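Numbering (our numbering), first residue to last: 35 to 323.
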Ligand SMILES: NC(=O)c1ccc[n+]([C@@H]2O[C@H](COP(=O)([O-])OP(=O)(O)OC[C@H]3O[C@@H](n4cnc5c(N)ncnc54)[C@H](OP(=O)(O)O)[C@@H]3O)[C@@H](O)[C@H]2O)c1
């Protein structure tokens, strides 16, 4: 399993307690996961690394037919071969989700090859943490985050939703971030806005498709040690391993709750909405320091 060296470091007792208290995770039993996904066609985006890769392995081990999507063909093919060798079923479908034609092609291909998709794990993403003062000549930071974190997943779902609704069956899991529930954070404008856009889009669409038994789960993922979070200076902050993060994804697929979030996140969200001005001033002071 590909984790950063930080994730392999033994957690101190304080870290273990902090994780247990702040980010409790849920691992579905093997039977309940198998019951939920055995024989189902599950498409996982961002399956070449990190949370997506670990989730794909667990879903395949539980009997799902897993369709692996990301740009890195070699990684996907290696993962598909590993899964097949372990007795599972997985197929690599390399695609750049920021390329509209590639996304349309992917949607058409998977529907024609597998007949339907039961579950979509919308997990592929890109994070950028950069102050605005260093972004004046980097408009591409905003286009590339919005393309992969918002427009790509929307386009993919536009190709898959009609079939899911017609069949009266489907589940969509959005691997979002706890940041979406927090007050907007300095330096995270590109990433935060793009993740918030898809979160709002999916939650807006959810009531429209619920009548056709197509359900959604938004996973407001806390910090996870992956290659995505590695370049930022969060090395000492308590964070989940990809194994724990992928448990949240398999829990989403099994129990199908509307949201999965750290227990305190929605409370902070509500409090910060009421005290918006105070929160903004706190952010300003903190950023100046
Ligand atoms: N790590 C965290 O702390 C954290 C916290 C909250 C939420 N999340 C969310 O969790 C999700 C997974 O992140 P991760 O930490 O597992 O990151 P990761 O290890 O960097 O994996 C990102 C995945 O997205 C794929 N991807 C990126 N750009 C793509 C594109 N244009 N087309 C298709 N696939 C693309 C990557 O594959 P290729 O490079 O092969 O294309 C890779 O498989 C993201 O949506 C992220 O926002 C992460």
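Glycine included, every Cβ here is placed at the ideal spot set by N, Cα and C. On a predicted model such as this, the values are computed, not experimentally measured, just so you know.
Paired residues, beta bridge with residue 254 - DSSP: 210.
CA nearest to the CA of residue 318, picked from 220, 66, 56: It is 220.
Host alpha helix (DSSP H) of residue 110 (start-end): 107 to 119
Under 8 Å between C-beta atoms of residue 243 and residue 195: yes
Neighbourhood of residue 310 by C-beta distance below 8 Å, restricted to the same chain and skipping five residues each side: Excluding sequence neighbours, residue 310 sits near 217.
Beta strand (DSSP E) segment containing residue 155, residue limits: 153 to 156
Nearest-angstrom Cα separation, counted from residue 163 out to residue 223: 8 Å
Helix, strand or coil at residue 125 [DSSP, three-state]: strand
Heavy atom of ligand 1 within 7 Å of residue 85 beta-carbon: yes
Per-residue DSSP class, three states only, for residue 294: If DSSP states are grouped into helix, strand and coil, residue 294 belongs with the strands.
Span of the alpha helix (DSSP H), counted from its first residue to its last, around residue 179: 173 to 180
Beta-carbon proximity check, residue 144 vs residue 117, cutoff 8 Å: no
Contacting residues, own chain, Cβ-Cβ under 7 Å from residue 229 (five flanking each side not counted): Excluding sequence positions up to five before and after residue 229, its CB lies within less than 7 Å of the CB of 183, 210, 211, 213, 214, all in the same chain and listed in chain order.
Stretch-stretch touch, CB-based, cutoff 8 Å, three pairs: the stretch 104 to 114 with the stretch 82 to 96: yes
Contact test: residue 109 Cβ vs ligand 1 heavy atom, cutoff 7 Å: yes
Element boundaries [beta strand (DSSP E), containing residue 102]: 99 to 103
Buried or exposed by the 16-neighbour rule on C-beta atoms within 10 Å, applied to residue 76: buried
Continuous alpha helix (DSSP H) stretch holding residue 282: start and end: 276 to 289
Helix, strand or coil at residue 204 [DSSP, three-state]: strand
Which listed residue (114, 190, 278) has its alpha carbon closest to that of residue 141: Of the candidates 114, 190, 278, the one whose C-alpha sits nearest the C-alpha of residue 141 is 190.
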